Ligand code: 26W
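In our numbering, the protein residues as written are 361 to 1184.
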């Protein structure tokens, strides 16, 4: 910025022609640059502009925030969403567009010579979550504010979020994600909102009082949980709720006597150990973390959140007896399941409530969402560890279990086998506490996240408990916030939708249906195609910048983006890509439909097979992209460091959405909904929410392939199914042979030997069984692409009929059937 321009800005020039709103925003931003960042205008960098803009916008949010809290009646029931993960991503555009400030902010910045797009891009992506579960929590927070539901989100303020993925020579490396290093303009530290969280020690049994025997817990260690609040702005600024994240602080940060004796390091050691609790997000997704630190994290945030909730309750109510009428707590998976024992402890030991009454309150307040059936992801903790870390809670859990079994024994003779299945203690693998069972018993409602998943929850993990409590399990199919995943991510498409379906479409997604009347309208098709093309150009540029690969925006953009996991079957996609590559080479003169395969996702650091799949993606991409024989027909790209911001760039540019998990294994999926909303056509299995997406968009507008969940279960019984499937499919056999022989890894020919052998010996995920049907579905899509009017008709049907998958609908269902809170 030239000196002359600066002088003019400081003199208030450049405001001419600005609307009143933009002029006010401009002076707010200027004042933040100067007084909050302590910088001269001329030295401000994009990040300073981001901070100044965020602070200016935050001021507006704060007014609504305080008002939202004020106007919530004392007797209103509130939601507390307990989640170890909130994958929120960037917040600036969310806040700006929900406050209807987009034009003001854009113009204000432009008048200062600054591009709003550059400012948005300077915000770090808050990755306080692994994947679907964490992103769902973020969508829910936005929806609760948008439908004016009073709610708190409770979690952990990790210093380091999910690792940054760096790929060198196809190998994933994990680098710490230091998202707070430049500060976080959204949060308010609340040093006055802090609670002691205790660990270890012993329990002393007191004398019999009128309320039974008292228990005095003498903990060995105390950690302070300090609150950091982030305002969550709802659509049209209707309401602002609080996301309250806890940070761990040592009670005695510096042991002064040690320090005075010259032991500087020793004086800090305790502090480092204690504060490690909120240092870093566990990067495991669907695999057990199994470490003591993880259990400490779980108890730390659950205890602080419950203490806070009970304190807030007592500010408005005389005692805790009506807690269940004023609060509904949702446990996001079993990670906060210790809440069952902790709430009982607070009520019985601290508030001196009788056991039965405490149990009534607890089971009236808590609800639990299950997000996975994978046996390795079902949490259980060794009793020995729990007894050492949480001795009083372990006593409470034993008592809950004893009462539970005794109640059952009244109605039926208990066989050993039945006790084994319904007990809170799993005796099979060393003694362990089953956190899912604990959450089930302590909850009023238990829910799955798609119709199919909920059926499977009833039939598998909780079949015995379901038989005992047949009304407890309900379904709540997931949803996504359309504000972020359509309006913000895809402004071009949004503009067209507003024109066709009217502006009310922004408030009521069922109005997207109006699009169907224009499904065969060539001019609409052309406009949609142009909007998609614009997004594809941007993605192509991003690909070129990040990995140096040139892709053709006229080709099908075929996308699979999600955590790398065997059940999600990135390997099936890659093997099909390899087979397609060989087929094109064999018949180079056929009119192949040009495709760009795009993949992104992180592997858990200890998940070797997932990392090997990433490596294969790179080896395969190198081979394909370097081969002139397939030029113009096939390209393969792996984009590193998948996160929310990258998803926002990729999804609006996708033609084809890969949702190809082994049937019965993906609880719901939410990426599937984001793609369909943006008009991508899904190729997928009858798994998770794909089943319901098919019902909504119509079977003719989605490419379903592969075994169904019951067929998978049946096929698994045959130990030889993999070998048999390979024998049936010459194409699959040839592709696997090439892979096994090192065709894609000439410098290390055995690199994929184990991966291929696994497919014939033990193909748990049915890659081989589903290959042919997947191949055929892909070729069907090639043909469909050649018929562009037909392709776009299907695309339009996806956008038009996906409205039901808005997280506003999901949250209304939770409010109605689980939390019993009336919403407008
Ligand atoms: C114990 C380690 C661990 C960590 C995370 C186990 C399990 C998890 C999560 C439950 C994994 C997860 O994110 N599940 C996903 O939840 C989404 C939201 O409901 C669903 O859409 C996905 O299908 C499901 O995989």
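Ideal Cβ positions, reconstructed from N, Cα and C, are used throughout, including at glycine.
Since this is a predicted model, take the numbers as computed values, not measurements.
Alpha carbon of residue i to alpha carbon of residue j, nearest angstrom
i, j, result
"residue 687", "residue 935", "50 Å"
"residue 1067", "residue 1081", "13 Å"
"residue 440", "residue 1093", "53 Å"
"residue 760", "residue 682", "22 Å"
"residue 548", "residue 588", "5 Å"
"residue 715", "residue 399", "59 Å"
"residue 375", "residue 411", "21 Å"
"residue 844", "residue 591", "16 Å"
"residue 730", "residue 390", "47 Å"
"residue 421", "residue 393", "19 Å"
"residue 577", "residue 564", "6 Å"
"residue 1164", "residue 869", "7 Å"
"residue 948", "residue 1046", "34 Å"
"residue 503", "residue 749", "37 Å"
"residue 1171", "residue 841", "11 Å"
"residue 850", "residue 895", "8 Å"
"residue 1178", "residue 727", "8 Å"
"residue 448", "residue 495", "7 Å"
"residue 970", "residue 527", "14 Å"
"residue 872", "residue 883", "18 Å"
"residue 466", "residue 476", "5 Å"
"residue 1187", "residue 417", "Residue 1187 falls outside the range modelled here, since the chain spans only 361 to 1184, and no answer is possible."
"residue 362", "residue 405", "Below a pLDDT of 50, predicted positions are generally treated as unreliable, and residue 362, at 48, falls in that range; the measurement from the model is reported next regardless. Roughly 14 Å between the two C-alpha positions."
"residue 407", "residue 544", "11 Å"
"residue 1111", "residue 973", "11 Å"
"residue 1130", "residue 442", "38 Å"
"residue 1042", "residue 1060", "11 Å"
"residue 724", "residue 766", "21 Å"
Whole-angstrom C-beta distance between residue j and residue i, which should lie under 8 Å
i, j, result
"residue 601", "residue 455", "Not really, about 13 Å apart at Cβ, beyond 8 Å."
"residue 559", "residue 515", "About 19 Å; that fails the 8 Å criterion."
"residue 637", "residue 583", "6 Å"
"residue 999", "residue 1006", "7 Å"
"residue 795", "residue 719", "At roughly 18 Å, the Cβ-Cβ gap does not stay under 8 Å, so residue 795 and residue 719 are not in contact."
Given residue i as reference, the closest of the options once Cα atoms are compared
i, options, result
"residue 483", "540, 516, 428, 489", "540"
"residue 808", "832, 981, 789", "832"
"residue 825", "970, 1014, 806, 1142", "806"
"residue 1037", "944, 892, 1024", "892"
"residue 910", "694, 981, 545, 1014", "981"
"residue 470", "382, 698, 498", "382"
"residue 633", "1178, 912, 612, 1075", "612"
"residue 428", "478, 599, 784", "599"
"residue 1113", "1107, 1101, 1123", "1101"
"residue 734", "1117, 404, 821, 667", "821"
"residue 957", "945, 861, 932", "932"
"residue 554", "607, 521, 520, 713", "607"
"residue 463", "380, 723, 521", "380"
Beta carbon proximity, residue i to chain C, threshold 9 Å
i, result
"residue 641", "Of the chains in the structure shown, none is chain C; there is only one protein chain."
Assigned exposure category for residue i - 16 Cβ within 10 Å defines buried
i, result
"residue 1021", "buried"
"residue 1097", "exposed"
"residue 593", "buried"
"residue 762", "exposed"
"residue 777", "exposed"
"residue 930", "buried"
"residue 621", "exposed"
"residue 1168", "buried"
"residue 627", "buried"
"residue 848", "buried"
"residue 485", "buried"
"residue 529", "exposed"
"residue 562", "exposed"
"residue 308", "No statement about residue 308 is possible, as the shown extent of the chain runs from 361 to 1184 and does not include it."
"residue 690", "buried"
"residue 395", "exposed"
Segments assigned beta strand (DSSP E), at least 3 residues, entirely inside the region 965 to 991: Unbroken beta strand (DSSP E) runs of no fewer than 3 residues, entirely contained in the region 965 to 991, are not found.
Uninterrupted beta strand (DSSP E) stretches inside the region 700 to 772 (no shorter than 3 residues): Whole beta strand (DSSP E) segments, 3+ residues: 726 to 729, 740 to 742.
Beta strand (DSSP E) runs wholly inside the region 614 to 702, at least 3 long, in chain order: Here the runs fully enclosed are 687 to 692.
Every unbroken beta strand (DSSP E) inside the region 816 to 886 [3 residues or more]: Every beta strand (DSSP E) of 3 residues or more that sits fully in the region 816 to 886 is shown, in chain order, as 833 to 835.
Minimum length 4: unbroken alpha helix (DSSP H) runs contained in the region 1090 to 1125: If we require 4 residues or more, the alpha helix (DSSP H) runs fully inside the region 1090 to 1125 come out as 1090 to 1100, 1113 to 1121.
Segments assigned beta strand (DSSP E), at least 3 residues, entirely inside the region 565 to 618: List check, beta strand (DSSP E) in window: 572 to 578, 581 to 593, 600 to 610.
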